[in-house]
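Working notes, beginning with the structure itself.
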Amino acid sequence: MAQTNFHPSHNQSLNQILRSFKQVGIDYINPLYPFRSSQTHSIKKIPLFRIPISEKQCIYLNFTSKPKWVFTNSNIPSPEWVNFPLFRVPKSKKPYFYVNFTSKPKWVYTGSNLPPPEWVQPFIDLSDLVTDRKDLKPSPWVSQILNLLDNSPLMEQNLDVYCCKFLIKLSPSFVAYVLKSDYLTGKPDIAFRFFYWAGKQKGYAHNCECYVFLVKILSASRELDRIKHVFSEFKHKGFLMNVAAVNSLIRSFGELGMVEELLFVWRQMKENGIEPSLYTYNFLMNGLVNSMFIESAERVFEVMESGKVNPDIVTYNTMIKGYCRSGKLQKAMEKFRDMEVRKVEPDKITYMTLMQACYAEGNFDSCLGLYHEMEEKDLDIPPHAYTLVIGGFCKMGKVLEGFTVFENMIKKGIRPNLSIYTALIDSYMKHGNLDEAMRLFDRMKNEGFEPDEVTFGVIVNGLCKSERLDEAMQWLEYCKKNNVAINAMFYSSLIDGLGKAGRVDEARELFEEMAEKGCTRDSYCYNALIDALAKNGKIDEALVLFKRMEDEGCDETVYTYTILISGMFKEHQNEEALKLWHMMIDKGITPNAASFRALSTGLCHSGKVARACKILDELAPMGVILETAFEDMINVLCKAGRIKEACKLADGIVDRGREIPGKIRTVLINALRKTGNADMAVKLMHSKIGIGYDRMGSIKRRVKFRVLVES
């Protein structure tokens, strides 16, 4: 085999090698394959040569003690070598690279003593150690590796092949840079697989940043199990963390409520002598508040106040948020006022947090006051603030004030939302102003808002309350035809309205239709139909529905029992009504004034006043104090014409050490007047006996109501 040998020295330039190849008649050069010089370890290009197809020629690269280039013009001696991608020469010979030019140029590795892979860094130039990383350009390797992170089943294999082909390994700083890149944001699976692939490189060990950036990616997707696994490895490594790592981990764990991990990082930081920054404190505070460790957050806040790092607006907002979430609105307001003393200016987040808490607790006056403060300080008022203010006015029954805020909102160029329109429509409906409500409803549609099931539910509820049931039923048909979702409240309003109008069969049909439509029947819906049945004298059917309610796991409320007890007394089922009362107590349902009124009314009408008083006494140890219970009972007795029993009960109030309320005196006077005892009513009205006592000088003398009546 004829051959031409070239022996370039290690420092011979690539151009010299190329000129040598041209001397033997190769005139087309196509550089494709990267080559690593043994001297500089820099990436260069070994040329690839294209020669006439009619000639079968090849190049052998023989790596002996010195680099040696061998070229031959001869045909390949063995047919089995043609187009065969891998060629291994006998073991007795040195390993070669074989390149076959019969079809397409290829470089084929047959096993050689190659230089070791090089650890690549994420930046092109690291020679100047004082250079800011922001000014460094990413290495070309970064984009190449990112292109391979496709989450395919062969992702790890593709990474192996690529790194082997180019004789590279990814350094820990390179891996950390890739994990930090925007490309992996929101891709926890790819990040997790890449992290563990990189960890399997020979001679490789993850640094602290690799773990920190991976935890950040996983926390954004709430991958709790993976985070715990990764952080367990992190703790085992015993890394010395810096402030940036501490801040990132505390922030990640805080957002997820992983308090144990959060506190571990905090302790490690303190043990390593790292001084927490303002950001560290704020991330810690946020984590504690999100996990509802409010008292711990308070202690951290106190440490900040007495230490070198003073709380800022973020710290205050976090603490206020914690108080509001835990139902400590008073403390939240105190912290809010403390901001003025500390010269920390509240922002719109502060106000919105407090306004939402006030609204949730029904403290609409405070909510309105905070809104006015925002106006005075010329703060940017978000649309949700208007929703709270207008909603608050509507819940207080001040629909005109709410509408005024609504108009001001529009004048400022702020577009109202569907919730605001719905709140105003609901308020107009509840005040019986249906015409204004419907005008606003039409205005809402003209503004481009599409009513939802809540808005339609408000319309239907208002129509039912106003006994305009046919119109309400028309809206039901409209919603069905236009595929508008119909919720339980929508159906309940109709069932309640139909039941009160005596249209019990229609109410029952709608109740069954709910089940057919897959609409969950809640306690409000059951109560509406039970009430309709009970008030229309169908107490047995009401009890069957009550049993069905229990079987379906629907929560029974105090209102459920109140309806049934009242209905059973009306049907003279007194003992059964008492059994229901005791069943309610046994189930831990706390009686209210309405439920006891239903019971006491039934007992008083049946002449069992003493039994009612005894039950009332039994409620006191349970912490149930019904201030108007006696008043209600006296009122019932007076209406029934049982004046003597009413007076006896009034005397019992004084015997218990209480004074007679003025309302009871009024009830007695009216009862006497209605029974034809006008003179006695006048005497009671002008005497001191009305308060249960008659004063003679300095002596307080007890006067019985019975004495007044019987005399």
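Going by the UniProt record's numbering, the residue at position 650 of the sequence shown is 650; the numbering climbs one at a time, nothing skipped. By construction, the Cβ of each residue, glycine as well, lies at the ideal position given by its N, Cα and C atoms. As the structure is a prediction and not an experimental result, all values here were calculated from the model.
Cβ-Cβ separation between cysteine 604 and leucine 637: approximately 6 Å, consistent with a contact (criterion under 8 Å). Taking the CA atoms as reference points, alanine 205 sits about 41 Å from glycine 322. Contact check for alanine 532 against lysine 500 passes: the beta carbons are separated by less than 8 Å. Between threonine 387 and serine 419, the gap from beta carbon to beta carbon is short of 8 Å. The three-state secondary structure of valine 120, taken from DSSP, is strand.
Between valine 243 and glycine 287, the C-beta gap is not smaller than 8 Å, which leaves the two residues out of contact. When the alpha-carbon of glycine 327 is set against those of Ile643, Ile563, Val289, Asn527, the nearest one is in Val289. In chain order, Ile425 place their CB closer than 6 Å to the CB of phenylalanine 441, counting only its own chain and leaving out the 5 sequence neighbours on each side. Per DSSP, isoleucine 589 is not a residue of any beta strand (DSSP E), being assigned neither H nor E. Valine 624 and threonine 601 do not touch by the CB rule: their CB atoms are close to 18 Å apart, not below 8 Å. In the DSSP annotation of this structure, the continuous segment of the alpha helix (DSSP H) that includes isoleucine 495 starts and ends at 488–500.
In chain order, Tyr491, Ile495, Arg521, Cys525, Leu529 place their CB closer than 8 Å to the CB of phenylalanine 511, counting only its own chain and leaving out the 5 sequence neighbours on each side. For valine 246 against threonine 280, the beta-carbon gap comes to about 6 Å, under 8 Å, which counts as contact. Taking the Cα positions, isoleucine 664 is about 35 Å away from alanine 542.
When DSSP states are grouped into helix, strand and coil, isoleucine 274 belongs to the coil group. Straight-line spacing of the CA atoms in leucine 463 and serine 523 works out to 22 Å.
Taking a C-beta distance under 8 Å as the contact criterion, isoleucine 634 and leucine 619 do not qualify as a contact pair.
As summarised for the region 601–671, the continuous alpha helix (DSSP H) elements at least 4 residues long and confined to that stretch are 609–619, 629–639, 643–655, given in chain order. Cβ-Cβ distances below 6 Å link alanine 485 to Glu453 in the same chain, with the five nearest sequence neighbours on each side left out; the list follows chain order.
Leucine 170 is bridged by DSSP to Val120.
In terms of CA proximity to glutamine 330, Asn363 leads the group Val161, Glu345, Asn363, Pro346. When beta bridges are read from the DSSP output, proline 188 appears opposite no residue. A distance of 8 Å or more separates the beta carbons of lysine 335 and methionine 355. Selection Met374, Pro383, His431 evaluated against valine 399 yields His431 as nearest (Cα-Cα). When the Cα atoms are used, glutamate 556 and methionine 292 turn out to be separated by approximately 31 Å. Comparing C-alpha distances from leucine 148 to each of Leu136, Ile190, Ser171, Ile168 shows the shortest one belongs to Ile190. In the DSSP assignment, phenylalanine 231 falls within the unbroken alpha helix (DSSP H) covering 224–237. No residue range can be given for alanine 485, since it is assigned to no alpha helix (DSSP H) and is classified by DSSP as neither H nor E. Between the C-alpha atoms of leucine 379 and leucine 368 there is a straight-line separation of about 15 Å. In the DSSP assignment, proline 138 forms a beta bridge with Phe123. Rounded to the nearest whole angstrom, the CA to CA distance from glutamate 401 to threonine 353 is 23 Å. With fewer than 16 other CB atoms across the displayed protein chains lying within 10 angstroms of its CB, arginine 548 is exposed. Phe456 is the residue among Ser493, Gly502, Phe456, Glu467 whose C-alpha sits nearest the C-alpha of lysine 480.
Within a 10 Å sphere around the beta-carbon of leucine 476 sit 16 or more other beta-carbons, which makes this residue buried. Inside the region 289–336, DSSP marks whole alpha helix (DSSP H) runs of 4 or more residues at positions 294–306, 313–325, from first to last along the chain. Going by DSSP, proline 383 is part of the alpha helix (DSSP H) stretching over 383–395.
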